[in-house]
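*Asks:*
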Ligand code: S3P
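Numbering (this note's numbering), first residue to last: -17 to 173.
1. Please classify residue 42: is it buried, with 16 or more other beta-carbons within 10 angstroms of its beta-carbon, or exposed?
2. Would the beta-carbon of residue 22 fall within 8 Å of that of residue 69?
3. In angstroms with no decimal places, state the Cα-to-Cα distance between residue 156 and residue 44.
4. In three-state terms, what does DSSP make of residue 5?
5. How about residue 150 and residue 30: are their beta carbons less than 8 Å apart?
6. Which runs of the beta strand (DSSP E), 3 residues or longer, sit entirely within the segment 90 to 126?
7. Under three-state DSSP, which class holds residue 160?
8. Helix or strand or just coil, what does DSSP make of residue 131?
9. I believe residue 75 touches residue 140 by the beta-carbon criterion, under 8 Å. Please report the beta-carbon distance rounded to the nearest angstrom.
10. Flag residue -5 as yes when its Cβ comes closer than 7 Å to any non-hydrogen atom of ligand 1, and as no otherwise.
11. Is DSSP giving residue 57 helix, strand or coil here?
12. By Cβ distance below 6 Å, which residues in the same chain neighbour residue 11 in space, the five residues on each side in sequence not counted?
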């Protein structure tokens, strides 16, 4: 249908686990595609006046997910066009978000190996979702790797619904942006 294919050109949504590269690749990809860039975590921070991890930890996941849903809905009803949107790692798991997202753009999953995710996230502060109780004899590294694997298993079926899947493991930012550009253009040609 004409209208649905036009709508699906409106946004490029980046989904994937924390550390998969959504916020890093989003701005250069947007520049290359001549689109504007939005990051839902940044919009939530702007709205709540606090850092995402703090709002997640202090107000709880339910409040955070409600805010996230509102931010996505507002962005998509704002009348803006030609956007690249980096979504928080859990946003696409919400069915209402998923419906809105799938109606408004092409969904791109950024895949990454568990070890690489761990490495990228290790340099950052404590993440509420990665906070785990150590099992006896387990190191902090092992516990974090276990938690990342568990979250990936929980979410993989949802992430697999993406229209385009690209692995970022072992690729530079420039190489990945080039590949994403190519895959998105091919997808547009086919739809
Ligand atoms: C979350 C990922 C985070 C942030 C929040 C919840 C998740 O975003 O939205 O901490 O559920 O995976 P990033 O994927 O940008 O780290």
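Even for Gly, the Cβ is constructed at its ideal location relative to N, Cα and C.
*Replies:* The structure says:
1. In the chain shown, the residue the question calls residue 42 occupies position 60. Classification of residue 42: exposed, given that the 10 Å Cβ count is below 16.
2. Within the chain shown, the letter at position 40 stands for residue 22. Within the chain shown, the letter at position 87 stands for residue 69. Contact flag set, yes.
3. The sequence position of residue 156 within the chain shown is 174, counting from 1. The sequence position of residue 44 within the chain shown is 62, counting from 1. Rounded to whole angstroms, residue 156 to residue 44 spans 36 Å at the Cα level.
4. Counting from one through the chain shown, the residue named residue 5 turns up at place 23. The answer is helix: DSSP assigns residue 5 an H, G or I state.
5. Reading the chain shown from its first residue, position 168 is the one you call residue 150. Reading the chain shown from its first residue, position 48 is the one you call residue 30. No, they are not a contact pair.
6. Qualifying beta strand (DSSP E) stretches: none in this window.
7. Walking along the chain shown from the start, residue 160 turns up at place 178. DSSP, reduced to helix, strand and coil, places residue 160 within a helical segment of the structure shown.
8. Walking along the chain shown from the start, residue 131 turns up at place 149. DSSP, read as helix, strand or coil, puts residue 131 in helix.
9. Residue mapping note: residue 75 aligns to position 93 of the chain shown, counting from 1. Residue mapping note: residue 140 aligns to position 158 of the chain shown, counting from 1. Approximately 5 Å separates the beta-carbon atoms of residue 75 and residue 140; this is inside 8 Å, confirming the contact.
10. Working through the chain shown from its first residue, we reach residue -5 at position 13. Shortest gap from the CB of residue -5 to any heavy atom of ligand 1: 7 Å or more.
11. The residue labelled residue 57 in the question sits at position 75 within the chain shown. DSSP places residue 57 in helix when its eight states are reduced to three.
12. For the purposes of this step, residue 11 is taken as the residue at position 29 of the chain shown. The residues are 66, 159, 162.
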